[in-house]
Amino acid sequence: MSETSSVNEGRPGLVDKLPKPIKKLFNWSRSYSIWPIHFVTGCCSPEYMQLFGPRYDLERWGVLPMGSTRQSDTLIFVGNVSRKMMLRALRLYEQMPEPKYVVVVGACATSKGPFPESYSLVRVKDYMDVDVYIAGCPPKPEAQAYGILKLRKKILEGE
Amino acid sequence: MLNEILSFINENFQTLFMISVFPGLSFVLGFVIFAVWYQRKYLARLMIRMGPVHCGRRLGWLQLIADALKLITKELIFPKAANKPLFIFASIMLPVIPAAMIALIPFAPGLVIYNASGVSLLIFFAISTLFPVVSVIRGWAANNKFTIIGAFRNIYLDIAGEIPVFLASIGVMIWAGTYDLNEIVIQQSGMWFVIPQFLGFIVFFIGFLAMIEKVPFDIPTAETELIYGPNTEYTGAMFLNMMEADYVNVLAWTLLMITLYFGGYNGPRIFPDPIINGIFWMITKLLIAITIIFTIMISYARLRIDQAVRMGWNYLLPLSILNILLTLILKYIMFGGV
Chain A
0 MSETSSVNEG RPGLVDKLPK PIKKLFNWSR SYSIWPIHFV TGCCSPEYMQ LFGPRYDLER
60 WGVLPMGSTR QSDTLIFVGN VSRKMMLRAL RLYEQMPEPK YVVVVGACAT SKGPFPESYS
120 LVRVKDYMDV DVYIAGCPPK PEAQAYGILK LRKKILEGE
Chain B
0 MLNEILSFIN ENFQTLFMIS VFPGLSFVLG FVIFAVWYQR KYLARLMIRM GPVHCGRRLG
60 WLQLIADALK LITKELIFPK AANKPLFIFA SIMLPVIPAA MIALIPFAPG LVIYNASGVS
120 LLIFFAISTL FPVVSVIRGW AANNKFTIIG AFRNIYLDIA GEIPVFLASI GVMIWAGTYD
180 LNEIVIQQSG MWFVIPQFLG FIVFFIGFLA MIEKVPFDIP TAETELIYGP NTEYTGAMFL
240 NMMEADYVNV LAWTLLMITL YFGGYNGPRI FPDPIINGIF WMITKLLIAI TIIFTIMISY
300 ARLRIDQAVR MGWNYLLPLS ILNILLTLIL KYIMFGGV
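Chain order of the listed sequences is A and B.
For the first sequence, the residue numbers in numbering that gives the first Met the number 0 are 0 to 158.
For the second sequence, the residue numbers in numbering that gives the first Met the number 0 are 0 to 337.
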């Protein structure tokens, strides 16, 4: 289940060779349809869940939480990641189709936060390329929404 | 050469127009785009949220275009264990089957793509039985435990729902005395069949909710139990086809319900042209029906698979047979013969 054969493995996709206006159109469509999957391991998640409720409603920008990794764009780390959980996170990351983005929420996943000398915690940036870090312990829903909108802006400008 | 082509187009213009534009391809795709946007917006308003707003100037009307463009440009992943030809075949075939069912529905006097010489209702049900078969193929081809469980749930639900739906529509066939959908619509110009066939309509409606697999019966794609049911392994453009198949299925069954029980294209004269009048009433009834379906979606929780199957076999099936008997008795009393 974890082993996949992808179509454009390791070579530049057809999309990269297209003329600029079409690339811009694709970036526009990607920026308005971020479908995240959240990797909940800690206590940033109650704050994260607010984003899809009535108050912060990120669906205004087309952010729609999906069930399956195969249809998701963004892996969101919500909470501390231990050495063993990182293996599962890497598997989720490999299941997502390109183009994919990573958002790290909170101090633990960014830099081990309040547990700097822990034997089991790891930093996400040692394992995969991270697009947006959201600071805080835990970050408020406003801050998390701001982070996801930052990611949106990054995608719109073509990284 | 050019003249021949032009004269060919001229002769067959109405058929080409019907296949490519109105009850055919463009209408179906336009309905899918509208229905997904409308569902997201309407459900969001019922949850006191906004729904898509910023994409497109107002109301988020470009949201679905953005989603579709993004899905088309995404990477296609084929799992190593999957049966690749069947995997692709199912994703292409699935939206085609409900779209073929729409070809039998009359939208206005004379506006029907395929006039099946008097047996169109039977052909509708014959085509609809292919849908669970292709649905099982998609679950089996992906070779993943979640897709296979979802596919088998799909077949349980479809058998439990489709037999009561078919038996309920036999009540309509007996009452109208014909298998032809066009003839059934013409007979409803005085009274809609929902009044003499009320018990049949209730059975049909519950079975219909099971057939379209929306929330009280979204057991195959249960997002909290199975990841995404039979669609779990599909990515990018193939997933787009799956979503499209869902909504084309909703469209086909809703149009059948309107045709059988709510008078089809009949309605008070608003436009002088009978064809435009028929299309107007058909679309108005369609919008009201999908609004009711979406309201049911947000109001109820999901049934378990055993509850849904028990409901289909223990309650809907006897009720639909009772409905046939009542129809026979009522028709014998009122018209003195069947």
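Using N, Cα and C, we set each Cβ at its ideal position, and we do this for glycine too.
query                                                                                                                                                                   : result
Can you tell me whether Asn-276/B is buried or exposed? The criterion is at least 16 other CB atoms within 10 Å of its CB, across all chains shown.                     : buried
What residues from the segment 54-75 of chain B come within 7 Å of chain A, judged by C-beta to C-beta, listed N to C?                                                  : Cys-54, Gln-62, Ala-65, Asp-66, Leu-68, Lys-69, Thr-72, Lys-73, Glu-74, Leu-75
Under the DSSP definition of a beta bridge, which residues are partnered with His-37/A?                                                                                 : Ile-75/A
Between the beta-carbon of Arg-137/B and the beta-carbon of Ala-89/B, is there less than 8 Å?                                                                           : yes
Between which two residues does the beta strand (DSSP E) containing Val-101/A stretch?                                                                                  : 100-104
What does Ser-110/A pair with, by DSSP beta-bridge criteria?                                                                                                            : According to DSSP, Ser-110/A bridges with nothing at all.
Does DSSP put Ser-119/A in a helix, a strand or coil?                                                                                                                   : coil
State the start and end residues of the unbroken alpha helix (DSSP H) segment that holds Tyr-92/A.                                                                      : 82-94
Using the Cβ count rule (16 or more neighbours within 10 Å means buried), how would you classify Pro-97/B?                                                              : buried
Could you compute how far the alpha carbon of Gly-61/A sits from the alpha carbon of Thr-326/B?                                                                         : 50 Å
Using a Cβ cut-off of 7 Å, pull out every chain B residue sitting near Gly-66/A, in sequence order please.                                                              : Glu-222, Ile-226, Tyr-227
I'd like to know whether the C-beta of Arg-29/A is nearer than 8 Å to at least one C-beta of chain B.                                                                   : yes
So, helix, strand or coil for Tyr-126/A, using DSSP?                                                                                                                    : coil
Which residues in the same chain as Leu-63/A place their Cβ atom closer than 7 Å to its Cβ, once the five residues preceding and following it in sequence are excluded? : Trp-34
Thinking just about the alpha-carbon of each residue, which of Ser-28/A, Leu-24/A, Pro-20/A, Lys-124/A is nearest to the one in Asn-79/A?                               : Lys-124/A
In chain order, what are the residue ranges of uninterrupted alpha helix (DSSP H) at least 4 long that sit wholly in the segment 147-200 of chain B?                    : 180-186
Got a sec: which bits of the segment 40-57 of chain A sit with their beta carbon under 7 Å from any beta carbon on chain B, in order along the chain?                   : Pro-53, Asp-56
Run down chain A in chain order and give the residues with a C-beta less than 7 Å from the C-beta of Met-46/B.                                                          : Pro-53
Quick one: give me the first and last residue of the beta strand (DSSP E) that Tyr-132/A is part of.                                                                    : 131-133
Determine the direct distance from the alpha carbon of Met-48/A to that of Thr-177/B, and round the result to whole angstroms.                                          : 55 Å
Quick one: grab the DSSP three-state call for Ile-320/B.                                                                                                                : helix
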